[in-house]
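Q: Can you read through this structure? Questions will come right after.
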Amino acid sequence: AQSVTQLGSHVSVSEGALVLLRCNYSSSVPPYLFWYVQYPNQGLQLLLKYTSAATLVKGINGFEAEFKKSETSFHLTKPSAHMSDAAEYFCAVSTSLDSGGGADGLTFGKGTHLIIQP
Amino acid sequence: EAQVTQNPRYLITVTGKKLTVTCSQNMNHEYMSWYRQDPGLGLRQIYYSMNVEVTDKGDVPEGYKVSRKEKRNFPLILESPSPNQTSLYFCASSRRQGSSYEQYFGPGTRLTVT
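For the record, the sequence lines run as chains A and B.
This note's numbering puts the first sequence at residues 91 to 208.
This note's numbering puts the second sequence at residues 6 to 119.
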């Protein structure tokens, strides 16, 4: 079984400030981890993913995330927030097919709404 | 253009009136799935399909049916919709990449059941 916890349903930062969105996971086998972004009235877009290669993963739009096994975390960061970053962000976990994980899709967190203050 | 399409994008219906939401992908992906998104709950998987004629339940399958007669299509069927099925629905298709799957999402279908 696997699960994802996103701390904070809403996060507000000033334009130009650091963005930090928190994600903790639970998985009985080595996980694969993803961050998706959803802009208003749109579908989900993949920001970045961790698949057991480098623990620091760089994604699109200046975002990055670091996999920390000891903390079971995969927090999303961006050094300087832009107004265009305002959106809903979802962390998700799946398991490796080769480690016995089921290919039954992603388990999502409940989402964090990122608000950018001018 | 590689994409997942869903129809309709918006639907308002009444309790008990059967409806189908279509999903089609043009990427020749084996794996397809349906999710529903509700405020404060994130996305939850309804059903998934590993290939043609192979489907299985996700986390919230009650009240839904699916079929996979062709590789490109994966319709979601609500035989007797109820108000608690008012939600935003996403279809996704996946290709195997290494030992994981990379999922591509459709634009969503907003369903309201009165």
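Virtual Cβ for every residue (Gly too), placed ideally from N, Cα, C.
#1: Might you give, ordered along the chain, the residues of its own chain that have their beta carbon closer than 7 Å to the beta carbon of Asp43 (chain B), omitting 5 neighbours on each side?
#2: Taking all protein chains shown into account, do 16 or more other C-beta atoms lie within 10 angstroms of the C-beta of Gly192 (chain A), making it buried, or fewer, making it exposed?
#3: Is Pro121 (chain A) helix, strand or coil by DSSP?
#4: To the nearest whole angstrom, what separates the beta carbons of Leu136 (chain A) and Lys148 (chain A), a pair I think is in contact under 8 Å?
#5: Compute the distance between the beta-carbons of Tyr115 (chain A) and Val183 (chain A), then report whether it is under 8 Å.
#6: Taking the alpha-carbon positions, what's the Leu146 (chain A) to Thr25 (chain B) distance?
#7: Can you tell me whether Lys168 (chain A) is buried or exposed, with buried defined as 16 or more other CB within 10 angstroms of its CB?
#8: Got a sec: is the Cβ-Cβ distance from Pro112 (chain B) to anything in chain A below 8 Å?
#9: For Ser54 (chain B), go through chain A and note every residue whose CB falls closer than 7 Å to its CB, in chain order.
#10: Under a three-way DSSP split, which group does Tyr152 (chain A) fall into?
#11: At a Cβ threshold of 8 Å, is Gln132 (chain A) touching chain B?
#12: My assumption, with CB atoms under 8 Å, is that Gly133 (chain A) sits in contact with Pro112 (chain B). Please give the rounded CB distance.
#13: Determine the contact status of Ser102 (chain A) and Gly45 (chain B), defining contact as a CB-CB distance below 8 Å.
#14: Is there a C-beta anywhere in chain B that falls below 8 Å from the one on Gly190 (chain A)?
#15: Scan the stretch 11-38 of chain B for residues whose Cβ lies nearer than 7 Å to a Cβ of chain A and list them as they occur along the chain.
#16: Counting only C-beta atoms, is Gly103 (chain B) closer than 8 Å to chain A at any point?
#17: CA-CA distance, Gly190 (chain A) and Val119 (chain A)?
#18: From the DSSP secondary-structure annotation, give me the bridge partner or partners of Met37 (chain B).
#19: Between Asn78 (chain B) and the ligand NAP, is the CB less than 7 Å from at least one heavy atom?
#20: When you check each C-beta in the stretch 133-155 of chain A against every C-beta of chain B, which residues fall closer than 9 Å?
#21: Looking at C-alpha atoms only, which residue of B:Ser54, B:Tyr15, B:Pro66, B:Gly63 is the closest neighbour of Glu75 (chain B)?
#22: Any idea what DSSP makes of Val170 (chain A), helix, strand or coil?
#23: Are the C-beta atoms of Lys158 (chain A) and some chain B residue less than 8 Å apart?
#24: On the CB-based measure, 16 or more other CB atoms within 10 Å of its CB, does Arg101 (chain B) come out buried or exposed?
#25: For Asn31 (chain B), tell me which candidate among B:Lys23, B:Gly47, B:Glu6, B:Pro88 has the shortest Cα-Cα distance.
A: Let me spell this out:
#1: Ser92
#2: Reliability of the predicted coordinates at Gly192 (chain A) is poor, the pLDDT of 47 falling under 50, and the value obtained from them is presented with this limitation in mind. With fewer than 16 other Cβ atoms within 10 Å, it is exposed.
#3: Pro121 (chain A): strand per DSSP, three-state reduction.
#4: Leu136 (chain A) to Lys148 (chain A), Cβ: 13 Å. No contact.
#5: In this structure, Val183 (chain A) lies closer than 8 Å to Tyr115 (chain A) by Cβ.
#6: Whole-angstrom Cα-Cα distance: 42 Å.
#7: So Lys168 (chain A) counts as buried.
#8: yes
#9: Those within 7 Å of Ser54 (chain B) in chain A number zero; the least Cβ separation is about 10 Å.
#10: The question names Tyr, yet the displayed sequence has Gly at residue 152 (chain A). If DSSP states are grouped into helix, strand and coil, Gly152 (chain A) belongs with the helices.
#11: yes
#12: Contact between Gly133 (chain A) and Pro112 (chain B) holds: their C-beta atoms lie close to 5 Å from each other, under 8 Å.
#13: The Cβ atoms of Ser102 (chain A) and Gly45 (chain B) do not sit closer than 8 Å to each other.
#14: Any reading at Gly190 (chain A) must be qualified, since the residue scores a pLDDT of 43, below 50, and its modelled position is unreliable; no value is offered.
#15: Tyr36, Ser38
#16: Look at Gly103 (chain B): its C-beta is under 8 Å from a C-beta on chain A.
#17: Because the pLDDT at Gly190 (chain A) is just 43, under 50, the model does not fix this residue reliably, and the value given afterwards should be weighed accordingly. Those two C-alpha atoms are separated by around 8 Å.
#18: B:Ser54, B:Ser98
#19: Among the components of this structure there are no ligands whatsoever, and the ligand NAP is therefore not found.
#20: Gly133, Leu134, Gln135, Leu136, Lys139, Thr141, Ser142
#21: Residue nearest to Glu75 (chain B) within the set B:Ser54, B:Tyr15, B:Pro66, B:Gly63 is B:Ser54 (criterion: CA-CA distance).
#22: In the sequence as displayed, the identity of residue 170 (chain A) is Ser instead of Val. Correct three-state label for Ser170 (chain A): coil.
#23: False, the Cβ-Cβ gap to chain B never drops below 8 Å.
#24: Flag for Arg101 (chain B) reads exposed.
#25: B:Glu6
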